[in-house]
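Trainee: Chains as they are written, first to last, in our numbering: chain A, 254 to 330; chain B, 254 to 330; chain C, 19 to 164; chain D, 19 to 164. Below is one structure. I have some questions about it.
Here you go:
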């Protein structure tokens with residue numbers, strides 16, 4: 254499956270990009286999180302939520318979205 | 254002692270005036286309250302606070318002010 | 019923060035423009051991170067088939083300003099506030115217009131939330147202000163706060 | 019009160035004039051007796067000897083607007099509100115300028131006090147908005163909400 258991963262806020266600085274595409278077969282968002290932390294070791298120390306197709310999901314969620322967003326801590330207001 | 258009594262809000266309608274002067278010797282504001290209720294029987298059914306010289310006072314306060322204000326229930330805001 | 023006693027009364031309605039100017043004045047105060055504002059607006063209440071068209075406010079202004087000053091000083095002591103502005107209408111205010119404006123500012127949001135409702139409730143309860151509700155047919159009744 | 023999902027984002031700072039216009043729009047709604055407004059203002063915080071000159075906001079806007087919609091619907095269900103308006107800046111907002119505007123209206127004052135702090139706290143906690151604090155020397159740090 255081809256997925257588009259977008260990075261928000263300081264995660265763009267950590268990865269050096271705002272988005273990229275991967276062809277992957279992974280079962281859960283937790284697996285995706287491990288994959289990305291291996292690819293970008295600096296992500297290992299960071300808190301972020303994962304959204305699939307514009308819905309924030311828990312780490313035990315099946316990975317089935319085609320649009321994945323990595324969201325660092327929120328700081329609006 | 255000559256005192257000036259001012260009526261506020263609906264008390265002006267009950268007494269038919271906004272202010273008047275009295276020459277009186279009374280010990281407390283409670284006594285003044287009784288005196289005014291005798292003069293204006295309709296005041297008998299109304300709640301009001303009494304201020305002396307721009308300070309709201311309790312009914313047990315000695316009557317010593319020269320400016321007396323009768324204040325009906327507050328309804329600002 | 020000791021201040022002299024301010025006159026909170028303005029003749030007639032408080033305009034949205036005045037509120038905007040008051041907000042704009044705080045843009046130079048760059049330690050402020052949070053403002054909270056309360057606005058009282060005259061309701062066109064329907065009472066026994068008659069509609070309120072305006073409220074005419076009178077007050078014992080000396081006492082009202084003095085008591086408001088005490089409420090203000092107590093709030094500055096209790097909450098971490100940078101600024102506080104309080105205005106109330108005197109005279110006639112039409113239904114739909116603003117008659118009461120309380121504006122608090124702080125570095126952070128908790129002090130403005132906590133102080134705003136306290137200030138509004140204290141001012142309504144403790145200031146000798148009297149509202150006369152005027153109906154469209156020229157009759158009236160005296161406003162009673164809940 | 020079911021509504022379609024609104025876009026809460028405005029480019030740059032929220033002007034006092036916009037706030038005044040929003041207040042003025044409510045003068046025809048004569049069942050309203052109380053408004054409460056929260057304004058977030060960018061602070062010129064001093065951090066390790068450097069002063070914040072602006073915040074640049076980015077967001078996952080689709081999620082932010084959807085979550086804000088859910089927060090809004092929950093507030094309409096829980097509190098007796100006539101109106102609710104929420105705006106947040108996107109892009110750059112200078113120190114002293116307004117970046118966040120929450121405006122609630124009701125017949126009476128309790129619903130506006132109770133809903134205002136709840137809305138502001140929920141929006142800050144749940145909307146994917148990211149503030150980048152820009153210093154005068156062109157460096158930056160990422161804002162962390164308390």
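Yeah, the Cβ is synthetic: ideal placement off N, Cα and C, and Gly gets one too.
Sort C:73, C:64, C:46, C:130 by Cα distance to residue 161 of chain C and report the nearest one.
Mentor: Stepping through the third chain from its first residue, residue 161 of chain C is reached at position 143. For the residues C:73, C:64, C:46, C:130, the minimum Cα distance to residue 161 of chain C belongs to C:73.
Trainee: In this structure, does DSSP put residue 74 of chain C in helix, strand or coil?
Mentor: As a working mapping, residue 74 of chain C is identified with position 56 in the third chain. Strand.
Trainee: In terms of residues, what are the limits of the alpha helix (DSSP H) holding residue 333 of chain A?
Mentor: Residue 333 of chain A falls outside the range modelled here, since chain A spans only 254 to 330, and no answer is possible.
Trainee: Within 8 Å of any Cβ in chain D, is that where the Cβ of residue 262 of chain A sits?
Mentor: Within the first chain, numbered from 1, the residue matching residue 262 of chain A stands at position 9. Interface residue, yes.
Trainee: What does residue 105 of chain D pair with, by DSSP beta-bridge criteria?
Mentor: Reading the fourth chain from its first residue, position 87 is the one you call residue 105 of chain D. Answer by DSSP bridge pairing, in chain order: D:119.
Trainee: Would you mind telling me which residues of chain A sit closer than 7 Å to residue 80 of chain D, beta carbon to beta carbon, in chain order?
Mentor: Working through the fourth chain from its first residue, we reach residue 80 of chain D at position 62. Here the neighbours are 307.
Trainee: Does any residue of chain C have a CB that is nearer than 8 Å to the CB of residue 329 of chain B?
Mentor: Taking the second chain and counting its residues from 1, the one referred to as residue 329 of chain B is at position 76. True, the Cβ-Cβ gap to chain C drops below 8 Å.
Trainee: Tell me whether the beta-carbon of residue 59 of chain D lies closer than 8 Å to the beta-carbon of residue 114 of chain D.
Mentor: Residue 59 of chain D sits at position 41 when you count from the first residue of the fourth chain. Residue 114 of chain D sits at position 96 when you count from the first residue of the fourth chain. Yes, the Cβ-Cβ distance between residue 59 of chain D and residue 114 of chain D is below 8 Å.
Trainee: Mind pulling the chain D residues with CB within less than 7 Å of residue 324 of chain A?
Mentor: On the first chain, residue 324 of chain A is found 71 positions in, with the first residue counted as 1. Chain D residues near residue 324 of chain A: 78, 146.
Trainee: How would you call residue 23 of chain C, buried or exposed, if buried means at least 16 neighbouring beta carbons within 10 angstroms?
Mentor: Walking along the third chain from the start, residue 23 of chain C turns up at place 5. Result: exposed.
Trainee: Scan the segment 259 to 288 of chain B and note each continuous beta strand (DSSP E) run of 3 residues or more that stays entirely inside, going in chain order.
Mentor: Runs of the beta strand (DSSP E) inside the segment 259 to 288 of chain B: 272 to 276.
Trainee: Please say whether residue 154 of chain C and residue 6 of chain C have beta carbons closer to each other than 8 Å?
Mentor: A question about residue 6 of chain C goes unanswered here, because the residues of chain C that appear run from 19 up to 164.
Trainee: Rounded to the nearest angstrom, how far is the Cβ of residue 380 of chain B from that of residue 314 of chain B, given a contact under 8 Å?
Mentor: No information on residue 380 of chain B is available, as it lies outside the stretch 254 to 330 that chain B covers here.
Trainee: From the DSSP output, in three-state form, read off residue 24 of chain C for me.
Mentor: Stepping through the third chain from its first residue, residue 24 of chain C is reached at position 6. Residue 24 of chain C falls in the coil class under three-state DSSP.
Trainee: Taking the C-alpha atoms as reference points, what is the distance between residue 107 of chain D and residue 324 of chain A?
Mentor: Locating residue 107 of chain D in the fourth chain gives position 89, counting from the first residue. Locating residue 324 of chain A in the first chain gives position 71, counting from the first residue. The alpha-carbon atoms of residue 107 of chain D and residue 324 of chain A are separated by roughly 18 Å.
Trainee: Do the segment 29 to 38 of chain C and the segment 33 to 44 of chain D make contact, defined as three or more Cβ pairs closer than 8 Å?
Mentor: As far as the Cβ criterion goes, the segment 29 to 38 of chain C touches the segment 33 to 44 of chain D, which means the pair count is three or higher.
Trainee: By the DSSP assignment, the beta strand (DSSP E) with residue 131 of chain C in it spans what residues?
Mentor: Within the third chain, the letter at position 113 stands for residue 131 of chain C. That residue, residue 131 of chain C, is in no beta strand (DSSP E); its alpha helix (DSSP H) goes 127 to 144.
Trainee: Within its chain, find whatever has a CB closer than 6 Å to the CB of residue 118 of chain C; leave out the 5 residues flanking it on each side and keep chain order.
Mentor: Numbered from 1 along the third chain, position 100 holds the residue referred to as residue 118 of chain C. Closer than 6 Å at Cβ, skipping near neighbours: 58, 106.
Trainee: By the three-class DSSP mapping on this structure, what secondary structure does residue 124 of chain D have?
Mentor: Position 106 of the fourth chain, counting from 1, holds the residue named residue 124 of chain D. Residue 124 of chain D falls in the strand class under three-state DSSP.
Trainee: Out of A:260, A:264, A:308, A:256, point me to the one whose CA is closest to residue 295 of chain A's CA.
Mentor: As a first step, residue 295 of chain A is located in the first chain; it is residue number 42 there, counting from the start. Nearest C-alpha to residue 295 of chain A: A:264.
Trainee: Beta carbon of residue 321 of chain A, beta carbon of residue 303 of chain A: below 8 Å?
Mentor: The count along the first chain starts at 1 and reaches residue 321 of chain A at position 68. The count along the first chain starts at 1 and reaches residue 303 of chain A at position 50. Closer than 8 Å, so yes.
Trainee: What does residue 304 of chain A touch in chain D if you count any residue whose Cβ is under 8 Å from its own?
Mentor: Counted from its first residue, the first chain places residue 304 of chain A at position 51. In chain order: 78, 81, 146.
Trainee: Using a Cβ cut-off of 9 Å, pull out every chain B residue sitting near residue 118 of chain C, in sequence order please.
Mentor: Translated into positions along the third chain, residue 118 of chain C becomes position 100. Those are 329, 330, listed as they occur along chain B.
Trainee: Counting only C-beta atoms, is residue 287 of chain A closer than 8 Å to chain D at any point?
Mentor: Mapped onto the first chain, residue 287 of chain A falls at position 34. Not an interface residue.
Trainee: At the level of alpha carbons, what is the spacing between residue 85 of chain D and residue 133 of chain D?
Mentor: Residue mapping note: residue 85 of chain D aligns to position 67 of the fourth chain, counting from 1. Residue mapping note: residue 133 of chain D aligns to position 115 of the fourth chain, counting from 1. Rounded to the nearest angstrom, the two C-alpha atoms are 16 Å apart.
Trainee: Going by beta carbon distance, what residues of the same chain come within less than 6 Å of residue 124 of chain D, once the five residues before and after it are set aside?
Mentor: Your numbering for residue 124 of chain D matches position 106 in the fourth chain. Cβ neighbours of residue 124 of chain D beyond the five flanking positions: 52, 98, 99, 100, 130.
Trainee: Any C-beta of chain C sitting closer than 8 Å to the C-beta of residue 110 of chain D?
Mentor: Position 92 of the fourth chain, counting from 1, holds the residue named residue 110 of chain D. It does not: the Cβ of residue 110 of chain D has no partner Cβ on chain C nearer than 8 Å.
Trainee: Between residue 49 of chain C and chain D, is there a C-beta pair that is closer than 8 Å?
Mentor: Numbered from its first residue, the third chain carries residue 49 of chain C at position 31. Answer yes: the Cβ-Cβ gap between residue 49 of chain C and chain D drops below 8 Å somewhere.
Trainee: Can you find the residues in the same chain that come closer than 8 Å, C-beta to C-beta, to residue 267 of chain B, ignoring five residues on each side of it along the sequence?
Mentor: Here the question's residue 267 of chain B lines up with position 14 in the second chain. Within the same chain, residue 267 of chain B has close Cβ partners 260, 293, 295, 296, 299.
Trainee: Which residue wins for smallest C-alpha separation from residue 256 of chain A, given the options A:316, A:328, A:290, A:271?
Mentor: Indexing the first chain from 1 puts residue 256 of chain A at position 3. Checking every option, the nearest Cα to that of residue 256 of chain A belongs to A:316.
Trainee: Verify the CB distance criterion: does residue 161 of chain D have a CB-CB separation below 8 Å to chain A?
Mentor: Against the fourth chain, residue 161 of chain D aligns to sequence position 143. Yes, because at least one Cβ of chain A sits closer than 8 Å to the Cβ of residue 161 of chain D.
Trainee: At which residues does the beta strand (DSSP E) containing residue 54 of chain D begin and terminate?
Mentor: Working through the fourth chain from its first residue, we reach residue 54 of chain D at position 36. From DSSP, the beta strand (DSSP E) with residue 54 of chain D extends over 52 to 59.
Trainee: What number of angstroms, rounded off, separates the C-alpha of residue 274 of chain B from the C-alpha of residue 102 of chain C?
Mentor: If you number the second chain from 1, residue 274 of chain B lands on position 21. If you number the third chain from 1, residue 102 of chain C lands on position 84. Each residue's alpha carbon lies about 39 Å from the other.
Trainee: Are there 16 or more other CB atoms within 10 angstroms of the CB of residue 143 of chain C, so buried, or fewer, so exposed?
Mentor: Here residue 143 of chain C refers to the residue found at position 125 of the third chain. Exposed is the call here.
Trainee: Under DSSP, the beta strand (DSSP E) around residue 87 of chain C begins and ends at which residues?
Mentor: Here residue 87 of chain C corresponds to residue number 69 of the third chain, with the count starting at 1. Residue 87 of chain C -> not in any beta strand (DSSP E); alpha helix (DSSP H) instead, spanning 79 to 96.
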